[in-house]
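The structure appears right after this line, and notes come after that.
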Amino acid sequence: MGTSTAPHRSPTAPKDRDWDWSGTDKLDQIREHGGWDAVANAHAWYDPSADEHDPPREKGAYKLPHHELVNGQLRVVWRGVVAAMTVINGARGGVDMPDADRRKVYDHLARHYEEFDEQPPDFSG
């Protein structure tokens, strides 16, 4: 079973900030800034069985990024939250994770919707 990162309030980026998470560049920047704990906090879910560390030190263990560094601070990005939520609800082929974790991840992302004064979509797990 995987691990949904603990729900947390985060500083938010401006709501109109673009979202473009491609490759590992942003993950590497976050890791260099705050270590693997920051990488875990930037994602909604990770696979703890990826290696012997907690959190894992394997980039492929992390799913559903929605935070990035903005002016040297890890911030939640609205468009990243929306992108992650659409995937957890099945868009783009969904995400490979245990069914038991999907609701926890949905709840995590729904809290971020609230931070942006938005109503989350219904859970379609």
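Oh and the sequence shown: position 7 is 6 in numbering that gives the first Met the number 0, straight run, nothing missing.
Cβ atoms here follow ideal geometry from the backbone N, Cα and C, with glycine treated the same way.
This structure is a prediction, so every number in the text was calculated from the model and none was measured.
Problem set entry | Reference Gly22, options Asn40, Ala49, Lys62, closest by Cα | Checked all of Asn40, Ala49, Lys62; the closest Cα to Gly22 is Lys62.
Exercise. Between Gly124 and the rest of its own chain, which residues show a CB-CB distance below 8 Å, the 5 nearest in sequence each way excluded?
Worked result: So the qualifying residues of the chain are Ile87, Asn88, Asp98, Arg101, Arg102, Tyr105.
Exercise. So who's on the other strand from Leu68, going by DSSP bridges?
Worked result: According to DSSP, Leu68 bridges with Leu73.
For this session: Mark Gly34 as exposed unless 16 or more other C-beta atoms lie within 10 angstroms of its C-beta, in which case mark it buried.
Result: Exposed, by the Cβ-count rule.
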